[in-house]
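What follows is a short report on a single structure.
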Amino acid sequence: RDEPLVLGIETSCDETGVGIVRGHTLLADAVASSVDEHARFGGVVPEVASRAHLEAIVPTIHRALADAGVTLSDVDAIAVTAGPGLAGALLVGVAAAKGYALAAEKPIYGVNHLAAHVAVDTLEHGALPEPAIALLVSGGHSSLLLVEDLARGVTPLGSTIDDAAGEAFDKVARLLGLPFPGGPPIDRAARSGDPSAIPFPRGLSAARDLAAHRYDFSFSGLKTAVARWVEARQRAGEPVPVEDVAASFQEAVCDVLTAKAVDACRAQGVNTLVIGGGVAANSRIRSLAEERCARHGITVRVPRPKLCTDNGAMVAALGSHLVGAGVTPSRLDLPADSSMPL
Ligand code: KG4
Ligand code: ZN
8 RDEPLVLGIE TSCDETGVGI VRGHTLLADA VASSVDEHAR FGGVVPEVAS RAHLEAIVPT
68 IHRALADAGV TLSDVDAIAV TAGPGLAGAL LVGVAAAKGY ALAAEKPIYG VNHLAAHVAV
128 DTLEHGALPE PAIALLVSGG HSSLLLVEDL ARGVTPLGST IDDAAGEAFD KVARLLGLPF
188 PGGPPIDRAA RSGDPSAIPF PRGLSAARDL AAHRYDFSFS GLKTAVARWV EARQRAGEPV
248 PVEDVAASFQ EAVCDVLTAK AVDACRAQGV NTLVIGGGVA ANSRIRSLAE ERCARHGITV
308 RVPRPKLCTD NGAMVAALGS HLVGAGVTPS RLDLPADSSM PL
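Counting in the UniProt record's numbering, the final residue of the sequence shown is number 349, and the numbers go up one at a time with none missing.
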């Protein structure tokens, strides 16, 4: 009961998420998604996302409060994603958070979306041991972070130099005629495919690339390799073995992500790896990370899939951590920052 009750608001992309936590305990996780409205465009349309947030934000806040069985006056603090993300989408969440904070006289915390993807794990596995390495893989980001003090910020070690991992899943799914977002259908198709059927490239993994890009990722060459392979098949009038392509592509992505994450843990002398972001919901990244980390005595923490994709609970989790760490709240004029650094 002494632990802070925090309401978190997330609107950086296409999910309107409102979560409520007390300490590390998740009380409500309400999400309204506009993903179906974007599906026919094959990607998130910023204007459509902003409009959907505007319509969903107030009902979603009220649904979360009802689910948690609390009222706004019970809440100790309001946390909101202030960036990075789509500018117009972020603005809706930040404006709503300010309105409720002002009306209910609550402190407000503007938080970083990537740090929130790390913090959400505390709802599943308790306080995060520090230092930890975080691998964040979503539709918008692919980053390796050194987490020495989650409340004061995290240190980026590397990130993608082109497409994000989730973006690669979405683009390859499209090539294969699978629906958007592409991660879940590729994950499903890959289960009946052979991951070693096609030797797709492992971006930035050759010795010469590692010198300058040890912790960076590149997925655009992989996407192009898949496109060429599929086109060659089609030109030859042969059927495309969707399951094998999906499995081989997924293996290439998960191989590079987990190899670099383990390398970061070993080089930094860290024995906790936390994986977050939508791609962390992938079944292969989870099993491969377990397998490779076990070999080096590294503990892997991956939250359940529903907490990996964007949601308000992750923002509330980080807010709760900030309140617990005695961090000063943000000012009421805090801006939304679409390219917010860590
Ligand atoms: O974290 P998230 O919900 O939103 C962003 O911040 O981008 O991540 C969405 C991304 C999409 O690209 C989606 O295809 C991918 O996560 N994703 C997956 C899986 N589930 C979602 N990728 C691979 N395997 C999955 N099972
Ligand atoms: Zn995200």
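Each residue gets a CB set at the ideal place from its N, CA and C atoms; glycine is no exception.
Quick caveat: nothing in here was measured; it's all calculated off a predicted structure.
#1: What do you get for T32, buried or exposed, if any count of 16 or more other CB atoms within 10 angstroms of its CB means buried?
#2: Ignore the nearest five residues each way along the sequence and tell me which others in L295's own chain have a CB closer than 8 angstroms to its CB.
#3: Have a look at A94 and V101 and give me their C-alpha separation to the nearest angstrom.
#4: Which residue marks the beginning of the alpha helix (DSSP H) containing T67, and which one marks its end?
#5: Where do the ends of the beta strand (DSSP E) carrying D156 lie?
#6: Would the C-beta of I305 count as close to ligand 1, meaning under 7 angstroms from any of its heavy atoms?
#7: Using 10 angstroms around the beta-carbon of G117, count the other beta-carbons present and answer buried if the total reaches 16, otherwise exposed.
#8: Candidates K178, S255 and Q257: which alpha carbon is nearest G146's?
#9: When you compare the CB of D128 with every CB in chain D, is at least one pair closer than 8 angstroms?
#10: Since I believe F187 is in contact with G49 (beta carbons under 8 angstroms), could you give me their beta-carbon distance rounded to a whole number of angstroms?
#11: Does the beta carbon of P188 fall short of 7 angstroms from some heavy atom of ligand 1?
#12: DSSP has P163 in a bridge; who is on the other side?
#13: Cβ of G49 versus every heavy atom of ligand 1: is any distance shorter than 7 angstroms?
#14: Apart from the five residues just before and just after L61, which ones in its own chain have a Cβ nearer than 7 angstroms to its Cβ?
#15: On the DSSP letters alone, give me the boundaries of the alpha helix (DSSP H) that Y222 sits inside.
#16: I'd like to know if the segment 158 to 176 and the segment 59 to 77 are in contact, where contact means that at least 3 CB-CB pairs between them fall below 8 angstroms.
#17: Taking the alpha helix (DSSP H) that S327 falls in, what are its first and last residues?
#18: Under 8 angstroms, do A332 and L14 count as touching if we go by C-beta distance?
#19: Going by the C-beta, is D177 closer than 7 angstroms to any heavy atom of ligand 1?
#20: Roughly how many angstroms separate the alpha carbons of A141 and H120, rounded to a whole number?
#21: Here's the rule: buried if 16 or more other CB atoms are within 10 angstroms of the residue's CB, otherwise exposed. What is K267?
#22: By the DSSP assignment, the alpha helix (DSSP H) with I193 in it spans what residues?
According to the data block:
#1: Along the sequence shown, one-based indexing puts residue 32 at 25. Residue environment for T32: exposed (fewer than 16 other C-beta atoms within 10 angstroms of its C-beta).
#2: Indexing the sequence shown from 1 puts residue 295 at position 288. Closer than 8 angstroms at the Cβ level, and outside the excluded window around L295, lie C261, D262 and T265.
#3: As a position in the sequence shown, residue 94 is number 87, starting the count at 1. As a position in the sequence shown, residue 101 is number 94, starting the count at 1. When rounded, the distance between both Cα atoms is 10 angstroms.
#4: Position 60 of the sequence shown holds residue 67. Its alpha helix (DSSP H) spans residues P53 to A75.
#5: Taking the sequence shown and counting its residues from 1, one reaches residue 156 at position 149. Note, D156: beta strand (DSSP E), S149 to D156.
#6: Taking the first residue of the sequence shown as position 1, residue 305 is located at position 298. Flag unset: Cβ of I305 not near ligand 1.
#7: Translated into the one-based positions of the sequence shown, residue 117 becomes position 110. Flag for G117 reads buried.
#8: Indexing the sequence shown from 1 puts residue 146 at position 139. Comparing Cα positions, the closest option is K178.
#9: The structure shown has no chain D; it contains just one protein chain.
#10: The residue labelled residue 49 in the question sits at position 42 within the sequence shown. The residue labelled residue 187 in the question sits at position 180 within the sequence shown. Contact annotation, G49 with F187: C-beta distance approximately 5 angstroms; criterion of less than 8 angstroms satisfied.
#11: Stepping through the sequence shown from its first residue, residue 188 is reached at position 181. True, at least one ligand heavy atom lies under 7 angstroms from that Cβ.
#12: Position 156 of the sequence shown, counting from 1, holds the residue named residue 163. According to DSSP, P163 bridges with L152.
#13: Translated into positions along the sequence shown, residue 49 becomes position 42. Checking the Cβ of G49 against ligand 1 gives no.
#14: The residue you call residue 61 lines up with position 54 of the sequence shown. So the list reads V99, once near-sequence residues are dropped.
#15: In the sequence shown, counting from the first residue as 1, residue 222 sits at position 215. Y222 -> no alpha helix (DSSP H), and no H or E assigned at all.
#16: no
#17: Here the question's residue 327 lines up with position 320 in the sequence shown. G319 to G331 is the span of the alpha helix (DSSP H), which, as asked, contains S327.
#18: Counting from one through the sequence shown, the residue named residue 332 turns up at place 325. Counting from one through the sequence shown, the residue named residue 14 turns up at place 7. No; because the gap between Cβ atoms is not below 8 angstroms, this pair is not in contact.
#19: Along the sequence shown, one-based indexing puts residue 177 at 170. Answer for D177: yes, Cβ within range of ligand 1.
#20: Position 134 of the sequence shown, counting from 1, holds the residue named residue 141. Position 113 of the sequence shown, counting from 1, holds the residue named residue 120. One C-alpha to the other measures close to 13 angstroms.
#21: For the purposes of this step, residue 267 is taken as the residue at position 260 of the sequence shown. It is buried - the Cβ of K267 has at least 16 other Cβ atoms within 10 Å.
#22: For the purposes of this step, residue 193 is taken as the residue at position 186 of the sequence shown. First-last of the alpha helix (DSSP H) with I193: G190 to A197.
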